[in-house]
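These protein sequence lines are chains W and A, in that order. Quick note on this note's numbering: the first sequence kicks off at 1 and runs consecutively. Quick note on this note's numbering: the second sequence kicks off at 1 and runs consecutively. Note that the Cβ used here is the ideal one computed from N, Cα and C, for glycine as well. This structure is a prediction, so every number in the text was calculated from the model and none was measured. The structure appears below as structure tokens.
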Amino acid sequence: MANPSDLLPGTLDLLILRTLELKPMHGVVIADRIEQATEGVFVIGPGSLFPALHRLADKGWIDGQWIVVPESGRRVKQYTLTQAGQARLAEEKRNWKTVLTAMNLALAEEL
Amino acid sequence: MLSRLYSALRRLFRRQAAESELDAEVQAYYQILVDRYVEAGHRPDEARRLASLRCGHPEAVKEAVRDVWAGAMLAAVLRDIRYALRTIRKAPMYAVVTVLMLGIGIGANVTVFSIVDRFVLGHPPVADPSALMMLHTTRDGHCCGRFSWPTYADVRDRARSFAGVAAYYELLPAAIGGYGDPERVWGQAVTANYFDVARLAMFVGRGFTPAEEHLPVVVISHRLWTRRFGADPSIVGRAIPLSGRPYTVVGVAPEGFRGVDVILDAQYWVTLDNLSHLEPRTDNRRSRDYQWLAAVGRLAPGTSRRQAEAELKLVGALIARQYPASTPAADRDSGFVMEVAGSLPPRQRAAVIAFLASLSAVSLMVLAIACVNVTNLSLARAAVRRREMAMRVALGASRGPLLRQMLTESILLSFGGGLLGVFASHWAARALSVFHMAAPVPLDTSIAVSGSVLPFAFLLSAGAGLLFGLAPAWAASRPDIAAALKGEELLTRTGHWWGLRNILVAAEVAMSTVLLCATGLFLRSLSNAAHIDTGFRSGGVLMMSVDPRLHGYSPERSVELLRAVRERVASVPGVQSVAWTDAAPLSGGHRSDGFDVVGKPGGGARIVDLFMATPGYFETLGIPLLAGRAFENDSASSARVAVVNQYFATHFFPNEEPIGQRVRDGDRVYQIVGVVRDTKSRTIGEEQRAILFRALEQDIAADPSGSGYTLMIRVAADPVSVASAAQSAVHAIDPALAVFGVATMEQHMTDALFLPRLAGTLFGVFGLLGLTLAGIGLYSIIDYWVSRRRREIGIRVAIGARPGAVQALILRQGMTLAAAGIAPGIAAAWALSRLLTSFLYGVAPNDAATFGAISVFLLVVTFVACWIPSRRAAAVDPSLTLRCD
């Protein structure tokens with residue numbers, strides 16, 4: 001599946017924030033991590049990733065810094081979760097759990 | 001949230017940097033993927049292909065990010081606007097007062113701009129107006145003369161810089177018949193290429209074809225078409241009678257086209273050859289010595305003005321060499337002058353521009369005063385809001401977004417003011433359009449607020465919003481946090497903004513002083529002009545004109561007609577006396593010529609204004625006869641006689657008896673039979689001029705009037721009461737005769753006061769607005785003082801100050817402030833008033849009485865503005881004020 005937000009709006013933002021919670025990383029690594037963590041369910045191309053990163057940076061939840069990758073020597077923009085981002089992530093997680101529980105209940109009832 | 005706003009703002013200003021950063025980011029992503037594929041064992045080109053496949057097009061990626069940015073920007077702006085609207089709702093009085101004051105200021109400027117736009121910046125509604133040039137000839141090096149037919153033909157045929165050159169005869173009256181009562185309209189006779197050169201797209205039909213140069217065809221104006229022909233499109237192809245001959249309508253000009261001139265008001269156009277019918281003359285119109293045509297040329301594509309001017313110079317030199325007799329030597333190097341069509345007539349340009357410039361300065365001052373008031377208001381509000389601002393700064397808000405929010409608010413308010421101003425000026429322009437200029441030719445001086453003022457109003461509003469918003473926003477966005485949160489009086493304590501506010505108020509009092517001085521001068525000038533002794537009695541006189549020539553009358557038949565009308569109207573009940581003339585006095589200048597005394601060679605010709613008169617003329621206008629006789633039975637068959645005014649008599653015959661003397665105008669010799677009292681001739685404000693009245697019947701054949709003859713009727717009662725009876729008297733003799741210019745002499749006098757009335761009204765309104773605004777400004781700052789100093793006043797009263805002393809203290813400080821504005825204001829007005837000299841009647845620009853009166857008046861107004869709040873100060877009850885804080 002290309003973009004998790006196609007399935008559920010806001011999911012991609014939550015995934016990015018969650019990924020950056022571990023440590024600061026740049027775009028390619030973020031995409032890799034999401035792909036690994038979801039066991040290949042979500043494959044995120046740059047066309048979805050960059051707008052999402054800029055949107056999150058704009059809201060002040062993440063912050064981009066230029067660094068040099070030691071192995072390749074390439075300059076990349078590395079994103080860090082800000083304090084506001086951490087707060088937001090906690091809230092989003094809570095929301096997600098609520099949604100998940102509610103959805104499970106609703107679907108279980110139907111079954 | 002604030003950092004989001006800030007980054008959005010930063011991105012707006014640093015778009016370039018953000019773009020290259022984004023580019024680098026996307027590139028890096030792609031490169032890392034390439035690196036990976038290479039590591040995985042792919043060939044470099046294969047690796048790049050695979051990477052591209054995974055990345056998609058980089059532009060598409062960047063575009064998606066840009067959409068995010070744009071959304072954030074828009075959201076930030078919308079948020080600012082919502083925030084501003086919320087704060088405005090919280091202080092509705094502040095918003096209403098601000099919008100009102102700015103509306104007045106912007107409205108004044110938009111109105112003045114409409115006038116400037118109409119007379120200085122406007123173009124006729126033709127295609128590519130900037131390439132349409134009016135051409136003038138020069139004489140003795142002086143601009144601006146007309147063209148003779150051969151000179152026009154030379155320029156048309158030789159000047160390659162022009163795609164076409166057309167000529168036209170500017171003012172051609174005609175009686176238009178059919179479709180209702182006959183009426184006199186003004187039009188122009190043009191070369192057949194006129195509309196092609198002008199590139200005028202016709203509203204209905206077409207312009208002239210070359211073959212129509214000799215045919216009776218006519219193009220009518222949109223106004224004439226709607227007014228007289230009910231906007232009937234089938235008029236094209238039909239014939240309408242012009243001065244008794246059918247002319248086929250070929251087209252209707254578009255709305256707003258009145259010819260290529262800026263104020264002449266032409267309503268129809270015929271081809272030039274029709275002049276021999278519409279205005280038969282003995283002059284040889286093909287002569288090189290008879291200059292009578294205006295010319296207009298369309299620059300050829302790709303030709304600059306400079307090139308065209310250089311070529312005209314060559315053509316001029318060529319003509320001068322070829323025909324030395326008709327070209328004075330001084331002309332040879334100058335040739336022709338050209339300017340964009342629709343420019344002001346060169347002779348009046350300087351005066352009109354000076355007048356409009358002073359008007360613009362004055363209206364800008366009104367806006368400045370309004371801005372100062374609003375600034376002071378919002379400074380006061382900033383003082384109130386500083387606790388809120390301090391809280392937000394303490395919570396980590398940076399100044400940029402705070403400033404932007406407050407500026408959004410002030411710009412929003414000023415756009416409200418701008419909107420109000422445009423509406424107000426729309427109304428003002430309509431009010432101003434009722435002013436008419438008294439002139440023997442048709443002038444259009446109407447003003448309308450058109451779409452072209454909108455960008456101006458927009459800029460003015462944005463500028464005003466920034467101007468009045470910046471200082472208070474700056475002040476409010478950098479509060480001394482500690483002091484403000486504790487509730488201490490930061491703004492009054494440091495004394496800094498406090499000082500600024502005082503300077504602003506003094507400045508606005510100074511500006512309104514300058515305004516009022518100008519107002520005072522113009523009002524005195526108007527009053528002087530209205531009381532100038534014109535030398536005749538205008539009350540109780542009705543005027544009414546006909547032009548027999550337009551109906552094919554010969555001079556002999558004209559004389560009979562005018563006599564018959566005079567007799568018939570004289571018998572209308574209530575009519576006391578009746579006389580014909582060729583033009584009413586104070587019509588802005590009709591006819592004049594050089595005169596010398598017969599038998600006294602060497603005196604040189606002196607310019608004399610000429611009026612035609614019939615028996616009863618002096619009686620009708622109430623002009624006393626001082627010596628000799630008035631006109632009696634002086635007919636075409638008897639020797640020419642003249643009545644002169646006193647000024648003429650004393651200047652031509654300083655120590656002689658004028659009666660019986662003979663004076664000469666070319667080959668016409670007049671014997672002076674009477675002397676009358678001086679009257680004003682062309683304009684009310686003029687220096688006395690020499691006037692010679694001649695017998696209408698004696699000169700009507702040799703020197704007919706080009707604009708008809710005016711019947712002056714003295715009536716015992718209201719002159720309007722005989723208007724219809726007088727018109728029926730004319731139509732009883734010839735029902736086809738067009739009667740025009742029916743008006744009382746009083747109305748005519750009002751029009752003659754056009755300039756002083758216009759100036760007096762505009763400056764009067766602006767002066768009053770400025771004074772009101774400055775008065776409110778002074779009042780509100782004193783009021784603010786008092787409210788800020790209640791505690792201090794309370795203490796003073798508590799330790800024994802009498803209320804009277806407290807009031808005196810406030811008054812003294814207020815009046816010091818007022819005087820600090822009035823004194824430099826008077827000085828500035830004194831220096832600037834010199835610019836107004838040429839617009840003032842009978843009052844010196846540095847008229848001490850006006851300046852003195854204005855100073856006293858201002859002192860009184862400012863005293864009242866200070867006195868009201870000072871009473872509040874005196875009423876402070878210490879037991880209340882000291883307890884409440």
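Taking a C-beta distance under 8 Å as the contact criterion, A/F257 and A/P125 qualify as a contact pair. Put simply, the CB of A/D67 is near chain W, with a gap under 8 Å to one of its CB atoms.
The three-state reading of DSSP puts A/Q267 in coil, since its state is none of H, G, I, E or B. Chain A places no beta carbon closer than 8 Å to that of W/V41, leaving this residue out of the contacts. Here the segment 590 to 599 of chain A makes no contact with the segment 548 to 559 of chain A; the two share fewer than three CB pairs at distances below 8 Å. Under a criterion of Cβ atoms nearer than 8 Å, the residues of chain A adjacent to W/V28 are, in order, Y29, I32, L33. Under the three-state reduction of DSSP output, A/W186 falls in the strand class. Runs of the beta strand (DSSP E) spanning 3 or more residues and lying entirely within the segment 127 to 157 of chain A occur at 132 to 139, 142 to 145, in chain order. Per DSSP, A/E687 is not a residue of any alpha helix (DSSP H), being assigned neither H nor E.
Using a Cβ distance threshold of 8 Å, A/R662 and A/V669 count as a contacting pair.
8 Å or more divides the Cβ of A/S410 from the Cβ of A/S358.
Neighbours of W/G47 in chain A, taken as residues at a C-beta separation under 7 Å, are given in chain order as G56, A60, V61, A64. Close CB contacts of A/N109 within its chain, under the 7 Å cut and outside five residues either way in sequence, are with S363, L364, L367, L460 (chain order).
Within the same chain, Cβ atoms closer than 8 Å to the Cβ of A/F857 are found at L516, the five residues on either side in sequence being excluded. Interface annotation, A/V26: in contact with chain W, CB-CB separation under 8 Å. Note that the segment 236 to 253 of chain A touches the segment 175 to 193 of chain A; at least 3 beta-carbon pairs, one per stretch, sit closer than 8 Å. By the criterion of a C-beta distance shorter than 7 Å, W/A84 is surrounded in its chain by G60, W61, once the five residues flanking it on both sides are discounted. According to the DSSP secondary-structure assignment, W/K77 is paired through a beta bridge with W/W66. In this structure, DSSP gives A/F536 a state outside helix and strand, which the three-state scheme calls coil. Close partners of W/R88 in chain A (Cβ separation under 8 Å) are lacking, with about 12 Å as the shortest Cβ gap.
In this structure, the straight-line span from the alpha carbon of A/I263 to that of A/L356 is close to 16 Å. Unbroken beta strand (DSSP E) stretches of 3 residues or longer found wholly inside the segment 595 to 678 of chain A: 606 to 613, 625 to 628, 641 to 645, 662 to 665, 668 to 676, given in chain order. Per DSSP, reduced to three states, the secondary structure at A/T98 is helical. Along the segment 51 to 78 of chain W, going in chain order, the ones with a CB nearer than 7 Å to a CB of chain A are P51, H54, R55, D58, K59, G60, S72, R74, R75, V76, K77.
DSSP places A/I691 in the uninterrupted beta strand (DSSP E) bounded by 691 to 695.
Between A/A506 and A/L771, the gap from beta carbon to beta carbon reaches 8 Å or more.
For A/S721, the CB contacts under 8 Å within the same chain, skipping 5 residues up- and downstream, are G574, V715 in chain order. Going by DSSP, A/R298 is part of no alpha helix (DSSP H) but of the beta strand (DSSP E) stretching over 294 to 299. Excluding residues up to 5 positions away in sequence, L172 lie with their Cβ nearer than 7 Å to the Cβ of A/E279 in the same chain. Taking 8 Å as the upper bound for CB-CB distance, A/V218 and A/V252 are not in contact here, some 10 Å apart. By the neighbour-count criterion, in which 16 or more other beta carbons inside 10 Å mark a residue as buried, A/Q16 falls on the exposed side. Ranked by how close their Cα comes to the Cα of W/L56, the residues W/L81, W/L105, W/V28, W/K23 have W/L81 in first place.
In the structure shown, A/L711 falls within a strand segment according to DSSP collapsed to helix, strand and coil. When only Cα atoms are considered, W/L17 and W/Q86 end up about 8 Å apart.
Of the candidates A/P704, A/A350, A/F522, the residue whose Cα lies closest to the Cα of A/F851 is A/F522.
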